[in-house]
Every structure is written in C-alpha cells, then in structure tokens.
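Visitor: These protein sequences, in sequence, are chains A and B. For the first sequence, our numbering gives the first residue as 49, with consecutive numbering after it. For the second sequence, our numbering gives the first residue as 48, with consecutive numbering after it.
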Amino acid sequence: EAQVTQNPRYLITVTGKKLTVTCSQNMNHEYMSWYRQDPGLGLRQIYYSMNVEVTDKGDVPEGYKVSRKEKRNFPLILESPSPNQTSLYFCASSLRGRAGNTIYFGEGSWLTVV
Amino acid sequence: AQTVTQSQPEMSVQEAETVTLSCTYDTSESDYYLFWYKQPPSRQMILVIRQEAYKQQNATENRFSVNFQKAAKSFSLKISDSQLGDAAMYFCAYRRTETSGSRLTFGEGTQLTVNP
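1) Going along the chain, which residues of its own chain have a beta-carbon closer than 6 angstroms to the beta-carbon of GLU155/B, five neighbours each way excluded?
2) Determine whether the Cβ of ARG143/B lies closer than 8 angstroms to any Cβ atom of chain A.
3) Figure out for me which residue from SER81/A, LYS119/A, LYS66/A and THR63/A has the closest Cα to the Cα of MET75/A.
4) Quick one: Cα of ALA134/B to Cα of ASN105/B, how far?
5) Figure out for me which residue from TYR152/A, PHE138/A, LEU59/A and LEU159/A has the closest Cα to the Cα of GLU49/A.
6) Going along the chain, which unbroken runs of the beta strand (DSSP E) with 3 or more residues stay wholly within the region 50-116 of chain B?
7) Label SER142/A either buried or exposed according to how many other C-beta atoms from any shown protein chain fall within 10 Å of its C-beta, with 16 as the threshold for buried.
8) Give a yes or no on whether the C-beta atoms belonging to THR70/A and PRO123/A are separated by under 8 angstroms.
9) The beta strand (DSSP E) that contains THR134/A, what's its start and end?
10) Note down, in chain order, all residues in the region 91-113 of chain B with a beta-carbon under 7 angstroms from any beta-carbon belonging to chain A.
11) 8 angstroms is my cut-off, CB to CB: does ARG163/A come that close to chain B?
12) What residues from chain B crowd round GLU155/A, counting only those whose CB sits closer than 7 angstroms?
13) Roughly how many angstroms lie between the CA atoms of THR65/B and LYS120/B, to the nearest whole one?
14) Quick one: using the 10 Å Cβ neighbour count with 16 as the cut-off for buried, is THR107/B buried or exposed?
15) One question on the structure: do LYS117/A and VAL102/A come within less than 8 angstroms of each other, judged by their Cβ atoms?
16) Does any C-beta atom of chain B lie closer than 8 angstroms to the C-beta of TYR96/A?
17) In this structure, what does DSSP give as the bridge partners for GLN93/A?
18) Quick check: is the beta carbon of SER135/A nearer than 8 angstroms to any beta carbon in chain B?
19) Is any beta-carbon of chain A found at less than 8 angstroms from that of LEU80/B?
20) Distance cutoff 8 angstroms, beta carbons only. Does PHE122/B sit that close to anything in chain A?
21) Out of LYS65/A, ILE60/A, ARG57/A and TRP158/A, state which residue places its alpha-carbon closest to the alpha-carbon of GLY111/A.
22) What are the partner residues of ASP104/A, as DSSP defines its beta bridges?
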C-alpha cells in the first residue's frame, strides 16, 4: 500500500529539548516536503527536498532542520523547540513535474512544546 | 509569490442543500494546478478535486464541482446534496507546474458545518 508514515503522531515536549519527527514513504518519490498547520493560516511549507542530498527552505524554515540521506526518508529536526513551534505537522511526497499532482500526505504529527 | 485566499472562515449548509466555497489566488504563471482538499476531524488530508489551468472545462467529481474562472483567478467549490459526512475543513491549494517539485500553496481554510 502506498503510504507516507510519520512518527511520532503525538508528542508533548519541553522547550529546548531536541526532537526529530520522522517521515518515510514507500513510493520511490523524489519530492518530499514538510508543512505545518496553524489555525487561520492553513498549511505552510517548512522545507522541501527534490532528491537525495537536495533540500531547500520553504516559507517558514526558522527553527527547523532537515536532511535527506536516503530517498525514502525525510526527517524534520527541531534542535531547540520553542512554544511557537506547537503545531500540527504534515509530511508529503510526490513525483516531480506533472506527475506530481498526486500528492501523498502523512497522517500528521501533533507537537506541543511547553 | 503565489498567494491563495479563502475569505470564508466558516460556512454552514442544511443537509441535502448546495453550498459554494470561495477561493481566489494570485499568480503570474499561466500553467498551474488548483486543488480542493478536505480535512475531517481526523486531520487526514483528502483530495476532493483537481483542476488543470490549461483546461477550460470545469472539473467534477460526483457531488463536487468547481467553477474555475482563470481571468478572475477564482476557483470555487460547489457541493451538491450536502451530506453530514461533508462536514470538515476545506482547503484550496495552488501548485505551479514545474519540473522541479510539487510545492503546494494553501489558503487559510473554510470550516464547513452541515446541519441535519
């Protein structure tokens, strides 16, 4: 089954404690990205990757890091989380070009920073 | 930069009635795609309908249809014969057609309530 898997799904953490949200896809997609969803703001892109070792900033990259060492994985790293990073996070993947109109989303990760 | 605006934070409709959700966007591109996504309380992102800008014909998917006005940069979603299961947050999204990626730009969302 084609899927994007995120972990953890729910996390409460404290300010400053490094955490990683993992994302894995089984469709051999080149393109992967992270979004955060906040009330009244919709989903905003944090970082994206067009292939292994190729990453770039989205609209709201501050406070986040990513890496793409393998094609299937695209972890989101919060080196020193702060309360304003409390949000719902989505990982997404797709092919590139016109074939990329079928975008697969993970189920979301609820992150609370206290 | 592309922007997507949904001016209706909340909408409500009676079961079996028709409702239209509004979306406008701004872009200088001529080749792009527009989407409506549904997000139920589970927070899953579900694709409702997709429109290719180079196609003049409005997309339809069962009870869901769009009114795509390219010159006006408007992309509204019509839900006919509304059902209780249609209650959700709806997001309009834009994607520029390019070879390098599949970035989506989302609107703020419209929370739809369906009244029995």
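Beta carbons: idealized from backbone N, C-alpha and C, even for Gly. These numbers come from a predicted model, not from an experiment.
Guide: The answer reads as follows:
1) Excluding five sequence positions before and after GLU155/B, the CB atoms of its chain that fall closer than 6 angstroms to its own CB belong to GLN53, given in chain order.
2) Cβ-Cβ to chain A under 8 angstroms: no for ARG143/B.
3) Among SER81/A, LYS119/A, LYS66/A and THR63/A, the Cα nearest to that of MET75/A belongs to LYS119/A.
4) Straight-line Cα distance between these residues: approximately 23 angstroms.
5) Comparing C-alpha distances from GLU49/A to each of TYR152/A, PHE138/A, LEU59/A and LEU159/A shows the shortest one belongs to TYR152/A.
6) Qualifying beta strand (DSSP E) stretches, in chain order: 50-52, 57-61, 66-68, 71-73, 79-86, 93-99 and 111-116.
7) With 16 or more Cβ atoms within 10 Å of its Cβ, SER142/A is classed as buried.
8) Using a Cβ distance threshold of 8 angstroms, THR70/A and PRO123/A count as a contacting pair.
9) Judged by DSSP secondary structure, THR134/A falls outside any beta strand (DSSP E); it is assigned neither H nor E.
10) Residues passing the 7 angstroms Cβ filter: GLN91, MET92 and ARG97.
11) The structure shown has nothing for residue 163/A, since chain A only spans 49 to 162.
12) Listed along the chain, the chain B residues whose CB falls inside 7 angstroms of the CB of GLU155/A are GLN91.
13) Going by the C-alpha atoms only, they are around 23 angstroms apart.
14) Per the 10 Å Cβ criterion, exposed.
15) No, they are not a contact pair.
16) True, the Cβ-Cβ gap to chain B drops below 8 angstroms.
17) Listed as beta-bridge partners of GLN93/A by DSSP are TYR83/A.
18) Not an interface residue.
19) Per the sequence shown, the amino acid found at residue 80/B is Tyr instead of Leu. Yes - at least one Cβ of chain A is within 8 angstroms of the one on TYR80/B.
20) Answer no: the Cβ-Cβ gap between PHE122/B and chain A never drops below 8 angstroms.
21) Residue nearest to GLY111/A within the set LYS65/A, ILE60/A, ARG57/A and TRP158/A is LYS65/A (criterion: CA-CA distance).
22) As DSSP reads the structure, ASP104/A sits in a beta bridge with TYR96/A.
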